[in-house]
Amino acid sequence: MCNKFKLVCFTIKNSSMRKTKLLAYCLMVSAILLLSVSVSAQKKVSGTVLDATSNSPLAGATISLKNGTGTSITRSDGKFEIAAPAGKTVLTVSFVGYQSQDIPVGANESNLTISMTRTGDMGEVVVIGYGTKKKVDLTGAISTVTAKDIESRPVANAQQALQGLVPNLNISVSNAGGEPGGGMNMSIRGLSSFSGSTAPFVLVDNIPMDINSINPADIETITVLKDAASSAIYGARAAYGVILITTKSGKSGKEKMNVSLQTNMALSRPVQYPRLVDPMTFALVSNDAAKNIGNAPWYNQDALDRLAKNIAKPGSAPEMFGNTDGQTWNIGAMGLGAAAVTDWYDVLFKDFSSRQKYNLSVSGASEKIDYYLSGGWYKEDGLLRYGNESFNRYNFDGKVNAQATKWAKVGVLFKYNSGLQEFPWQQDLGRGRIYDMMSKLKPTMPAKYPGTDMWTQESRILEWGAMRDNTLNTQMILAPRITLEPIKGWVTNVEFNYTNSNNRREYIAKQYSWMKPNGELAPGVAKVATSYRPRLSTDNYMSPNIYSTYAKSFGKHNLSIMAGYQQEKFKYFSLNADALYLLSDNVPSVTTAVGTKTVDDGQGHWATQSGFGRLLYDFSDKYLLEANFRADASSRFEPGKQWGYFPSVSAGWVASKEKFYPLKDVVNYMKIRGSLGELGNQSVSNYLYIPTMGINQTSFLFSGQRLWSVGAPNISSVNLTWEKVRTLDFGADLAFFKRRLSVTYDWYQSFTTDLVGPGPAVPALLGTAVPRENAGEIRTRGFDLELKWKDRIGNVYFEIGGNLANNISQVMAYNNPTQILSTFRQGQILGELWGYRTDGLFQTAEEITKWPNQSFLWSGRWNTGDLKYLDLDNNGVVNNGKNTVVDPGDMRILGNERPQYLYGINGNVSWKGLELSFFFQGVGKQDLYITEILNGNVFRGPANGPLHMMVYSQHLDYWRDASSPLGANPNAYYAKPYSVFDGDNSKNYGRPVDRYLPSGAYCRLKNLRLGYTIPQKLINKVQIKGANIYFSGENLFIINKFKLLDPEQTAGSAGDGRIYPLSKAFSLGLNVNF
Amino acid sequence: MSTSKKTDMKKIYLILFLFVGLGAGLSSCKKDFLNLTPLDQISDPEFWKTDQDLELYMNGLYSVLPGWNLAGAGGHPLLDAGTDMAITVGLFLGEKNRLDGAINIPSSGGGWSWTNVRNVNYFLANSERVKSGALKDHYIGEAYFFRAFNYFNLLKQFGDLPIVKSPLTVKDESALFGPRSSRTEVVNFILSDLDLAVTKLKKKSEVPAQRISRDVALLFKSRVALYEGTWEKYHQNDAFKGTTDGKAFLTAAANAAKAVMDGAIYKLTTGNPNQVYYELFNQVNLNSDPEIMLWRGYSSALQYNNALSAWPNGSGFTQDMVNLYLCTDGLPIGVSPLYRGDKDIRNVVINRDPRLVQTVMNPGDPITISLKNDTTKYILPMLGGAQTGPTGYESQKFRRPQLDPTTGVASGEVAYIIFRYAEALLNYAEAKAELGELTQADVDLTINRLRARVGMPNMTIASIRTDPNWPDYGYALSNALKEIRRERAVELMVEGFRRDDIMRWAAHKLIIGKRPKGAFYSDELKKAFPNLAVDAGNFLDPYRTSLVGPGSTWGFDPAKHYLLPIPINEMTLNPAIKQNPGY
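Order-wise, the sequence lines are chains B and V.
233 is the number of the first residue of the first sequence in the numbering used here; add one for each residue after it.
807 is the number of the first residue of the second sequence in the numbering used here; add one for each residue after it.
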């Protein structure tokens, strides 16, 4: 009966099921509640299958006999007939997107009416920590996503599929950008910390895992536990929310083996990558920037003449010259001053790159055994034409479950995944700098050496072939499970989770050549510097869990108690070797390298011990109560500070079930919920309380050798203990218009106390970082809202839904008596940007002399075209006062860089076999601070040093006077550009200013899908149970104000063009069930 | 369900066993399940056992010693770039900011960093835990040297400093929130550290190559003492003064320098006068050079290359620098009949102190010598680009034409000289002259040795010819001192001394109202590089619009820019710290 490896699995006899309503029971219980069953005693059973919401017939639903052979499929009017043995029998009804049901059929029954509930409806059972619960009985803030919401999307991983689906589950592009196999950042409800990760805790089948290690095709449901009361049962690891993923398993009761095949082929290209202006404009802008700093022009008259000739007739004038020594080229920085005409976008990017997805699964069950085996392959090629980037992931998921005795069930889960990322690499700079280097390429830089077919060194193309970064991640999970039910209602689960993760990364630097002006080939890497640098790491995680649940009903009182114990131990070990001087480029290995070899390792471990318990109570599904308690101990704290105790309680009232409920016709369903709970967080580094001394190699060479050195320890952080997150949540679940509209709303407030962060600021005389302490308190307030409208017009079924969430985090306590702005302070809203207000650009020299003194901001010369900063405190000087809240000088809070009002809008329309669905995702409000030095290179364009300079069309709106060949532009957006790395540009771009905080709000069509389910009568002949073909488009368009950069990609180091662009993908997919 | 009571009990026992046996057993069988200590790091209590531990610790402190920018930095500006002797443009334009007064008041950082001092103090506080060992004292001596070295760096930037002798914790509030000590006290503290270093450090022959030895500490002591001695003497009447007239420091400087000279462990490198000077500075390994006291190395094999090979590194010498060099008759260009004028970059080096042609690139000098021994020659300076030399005088010093045999391109391995013996001679001569005690014997021991090495005539105190172009320092100076300062500038050109010298000499008169210029813009240069900016005298004028002062002259404010500003946050956090004058 237990249909899968649920965290709580009760083995219950069929006969005892009808009346019991124990809350923690599995799927089948709720399914039965929704049935209206009539019985007849015939050899043929017949009936109609209807959609529970619309009461319209469902065609193509599968009816099978639970204890025998025989299958039938409903016709277009929803009717079916099936031959059944005489006497009592059980039918299983299943249909894609609906809850499967087991229907006991009496001896004498015909004209059954079976109402099927769509997954996602109120009747659904959801996975909660260490158990399941009927959605109607939920008292916490929980969102669920089912396979239907994420299937058929041409995405690499579950994160990409989840983005925007769950309110307040914020998934954003990480520094990996859109690179094949790259992960994303994830957080729930904006909960904040002073340090450490705020990523939610992800469990797959109750095993902690990286969400991206899972094949999205294996996912059955995803539950997001948002409030403290819901996640409290996971205690130590769950402070920032929990994501529970349940993978598919063999459906019990289905005798037949089900084979499912899913394929998807996609073509992708960069969704947005800025294009350089034409070479002549580029040259003129560059010369303006050089003139502004007092330099000679980058393009002298001769270069401009040659460029003009080459534009008119390619190849008609020399593109580049060698220096007099014949050894190096005179091409300035990345082609600044050369005279070629190169469209680098065309050179470097493929027109389309490909993605492929295959998944094959076999599942089924017999009376005693159920099984699910699945294998998947995902392959994604990168966007670069010559980069040979790729990501290959293989997944295997296996589950076998056996009913060993009437009261004992044993099973095992086996998961394996491996991901291989292959990328070009740059010695010293790493993989991430490839796009940085590309952003520096000038349109006048030749792609090939004059008169040859050899790529220039600056194009990096030859280097990409020689320098490689290959990463292979493999993970194996072995998880035996025992479920015991000696007495009805008392279930004990013994679970053991073992995870072994291995990472093998190799950096390879082979030789490649570039061409000197004298025609000689020069090595790009010296033979002695060729290298092989493997990094091997292996992690072991072991966690026994044992928990026991007893459930009992007394009339309408339903009670369930659970208690359990868990411990975890994690150990990591890594070996890193650097071996120089490859004897042969063809065989890079440590052994075949004959130069300097070094090796080091990394080892560490942590452990936790926990006890937990839960009480569930409800009266007639109307009054609901849940209480949790968890005690955790972590090795990350010093002995004596290790234990933390975390209680929680939540309650709900289904008002619409009351007899006196007056609104039944308008608000068909109403539940009011409330929860309060506390969680702990141990996400601090291991061993912080022990003073450790770092071991490094010296940068000073002693007789040509780097010696080892040991450094001073930081001041150790003694007395550290658990961070605590206490969350209060009020929510309501409502349904209107005959349940066509459903609404879920939650308001919450979290206090994170004893936050681990840097101690109070002290003078720099300390000479090291202040030790970390449990230093502060942050309050986060926010809401989640989910709306869904389901309806049909004739044969057209449609569903439209949306979600919206926002939160604000504020520091409520922090020891900062001076209120200095360099660290946290009481009252600070996280993400707020302090900076200066401005009033346009200087137009005349006279204006500069009359303006308040700006020398605090820039002690050098101020020129026309520079920013005018406002002297808000009217003291004649623009400065930051004492850099405190009390005296911030002329600084003010200008905005907030945290994304706010995140939303998603999705919908689908189906008519007969056709289905169209769409999904928009967006950010309502965000101030982008991307102008700072280093991160703002792309934003500032020509206002960069020569190497980093670039000119995209937006940059042409910069200040210039009439002496520029491009004409005067006094009312420009961008200040005067200086051709210097920071220096004079820091006048205008070194700090947040109101002028340069563009809006990061956007709305993106993440997915558009058109699917067609091939009619049953066509495929029945070829022994296929179901087939669906679809076209799907990803990231098709975006609505946003700030056009220069992809607004999803401006965070972190995105702004300097270092990160891999996201892609737009067009895919064709096929799902077949045999 | 129809199970007998007996079976039920069996099952219950089984489950109880699972709970007790598994649950409790798992946790209690290992008492220390939760008490985990680091597996790959040494914790402090396990360290500090032998003097090898001391060595391991000290090795790390050597990283604070100066060196070239590393490969990938785009080059390395000439060390005196941003002074009256040399300038740079492009990537390294900011080098000029210190003397140009383009100094922003930072909120934090800005050089006010105490990490290096703490690292030494942590060592000194714990080194006594090591029981004994042959080299224990030596490493303690190294530590005192490094504390002095780090303090001197801070002193040059900020003047008065808090004196901390122990590794502070957040609980040491009286120290953390204390005031600054006067610069005189700070220098006395530095010198006492150096005295301790001298007593503890071993001699060069007793320690491995490239480690600090006793004479290095002595030379450094003379550098610090000379710095402060002249600072306190010439800043006596301004806001930056110390508490003495500087005499005691000058005496200490002379004595320390003399101790190096008397130790006779080092001597000047000698050789062909027309090559010896140039070849001293472009070596890859200086271990066997008798003059080099401490140097920093680079290695292609370890992929630890410097960026110095990006010649001309955006840098060039000024015409003022060239004019400083005497003619081979020992007379300045203003009076020597041998002077050939400055209208042709080929002529400026003729009949001049041989150190000029060995410091400045001259047409015909090799740029690269390939592995096959093919030589490419310098024809003309590279001009007109923002990364080329701005002045027409590119550096010969530190340039190594021999291509790296492993890469086939310019070497990124040229050594960085941290201390060399010649400085001891110059420090001694200057200190003695400042004290008014300079004798001809002193000059012969010092200046004249340097001159003799390159074949220049001796300097005789009694018969120094008046140079009509002697710079105006803004105060009276003996002729001998004027020539000693010239000698120092020439000998130590672009070795990183010039800015410090201007500061300690209170020599703002050398720069205020002026702008550094390049070479004469000859027709030959004009033809190769047209349309370059020149001044009224037709000299290259790359800083025509770059400097902050009136008419694009140096923006140095003598009431302010002798020191850097204290970061805003430091004064907010510790009100006992006051801002430096003028900011």
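Each residue gets a CB set at the ideal place from its N, CA and C atoms; glycine is no exception.
Beta-bridge pairing by DSSP links G1139 of chain B to B:I1032 and B:F1150.
The segment 685 to 701 of chain B makes no contact with the segment 399 to 410 of chain B, as fewer than three CB pairs between them are under 8 Å. Here P399 of chain B really is in contact with D1016 of chain B; their C-beta atoms are around 4 Å apart, less than 8 Å. Residue burial is scored here from C-beta neighbours: L753 of chain B has fewer than 16 other C-beta atoms within 10 angstroms and is therefore classed as exposed. When the five nearest sequence neighbours on each side are left out, the beta carbons in the same chain lying within less than 7 Å of the beta carbon of T1124 of chain V are those of D890, M891, A892, I893, T1197, P1322, K1323 and G1324, in order along the chain.
No Cβ-Cβ contact shorter than 9 Å links S907 of chain B with A471 of chain B. Excluding the 5 residues flanking it on each side, D1307 of chain V has same chain C-beta neighbours closer than 8 Å at R1291, R1294, A1295 and A1313, in chain order. Closer than 9 Å to the CB of W1191 of chain B there is not a single CB belonging to chain V. Using a Cβ distance threshold of 9 Å, P1224 of chain B and Y1068 of chain B count as a contacting pair. Contact check for I1223 of chain V and A1235 of chain V: beta-carbon distance about 20 Å, past the 8 Å limit, so the pair fails to qualify.
Nearest CB-CB separation between W838 of chain B and chain V: below the 9 Å threshold.
For L939 of chain B, the chain V residues whose Cβ falls inside 7 Å of its Cβ are N865, in order along the chain. By the neighbour-count criterion, in which a residue is buried when 16 or more other Cβ atoms sit within 10 angstroms of its Cβ, G1319 of chain V is exposed. With its beta carbon at least 9 Å from every one in chain B, T1197 of chain V lies outside the interface.
Secondary structure of I1251 of chain B (DSSP, three-state): helix. Taking 9 Å as the cut-off, the Cβ atoms of R1004 of chain B and T984 of chain B do not count as close. Think of a sphere of 7 Å around the beta carbon of F951 of chain V: no beta carbon from chain B falls inside it, the nearest being about 14 Å out. L716 of chain B carries a strand assignment under DSSP once its states are collapsed to helix, strand and coil. At a beta-carbon threshold of 8 Å, none of the residues of chain B lie near W1360 of chain V; the nearest stands roughly 12 Å away. Of all C-beta pairs linking the segment 1370 to 1380 of chain V to the segment 909 to 927 of chain V, three or more are shorter than 8 Å, placing the two stretches in contact.
Membership of F1055 of chain V in any beta strand (DSSP E) is not indicated; the residue belongs instead to the alpha helix (DSSP H) covering K1053 to G1069. Residues are counted here when their Cβ sits less than 7 Å from a Cβ of chain B; for the segment 1208 to 1221 of chain V these are T1212, T1213, G1214 and V1215, given in chain order. Straight-line spacing of the CA atoms in G827 of chain B and D817 of chain B works out to 14 Å. The C-beta of L884 of chain V comes no closer than 9 Å to any C-beta of chain B.
Around the beta-carbon of Y893 of chain B, fewer than 16 other beta-carbon atoms lie within 10 Å, marking it exposed.
Between N527 of chain B and chain V, the shortest Cβ-Cβ separation is below 9 Å. Around the beta carbon of Y1292 of chain B, 16 or more other beta carbons sit within 10 angstroms, so the residue counts as buried.
Per DSSP, W1037 of chain V lies in no beta strand (DSSP E); the unbroken alpha helix (DSSP H) holding it starts and ends at R1020 to Y1040.
If you draw a straight line from the Cα of V757 of chain B to the Cα of K956 of chain B, it is about 52 Å long.
Contact annotation, A316 of chain B with V277 of chain B: C-beta distance approximately 5 Å; criterion of less than 8 Å satisfied. Contacts with chain B at 9 Å (Cβ-Cβ) include T975 of chain V. Within the segment 302 to 383 of chain B, the complete alpha helix (DSSP H) segments at least 4 residues long are 379 to 382, listed from N- to C-terminus. Under the three-state reduction of DSSP, N524 of chain B is assigned to helix. When rounded, the separation of the alpha-carbon atoms in L1146 of chain B and Y1244 of chain B is 4 Å. Around Q1016 of chain V, the beta-carbon contacts reaching into chain B at under 7 Å are F934 and S935. Taking C-beta separations shorter than 7 Å and ignoring five residues to either side along the sequence, the partners of F1362 of chain V in its chain run L905, D906, G907, H1314, I1317 and I1318, following chain order.
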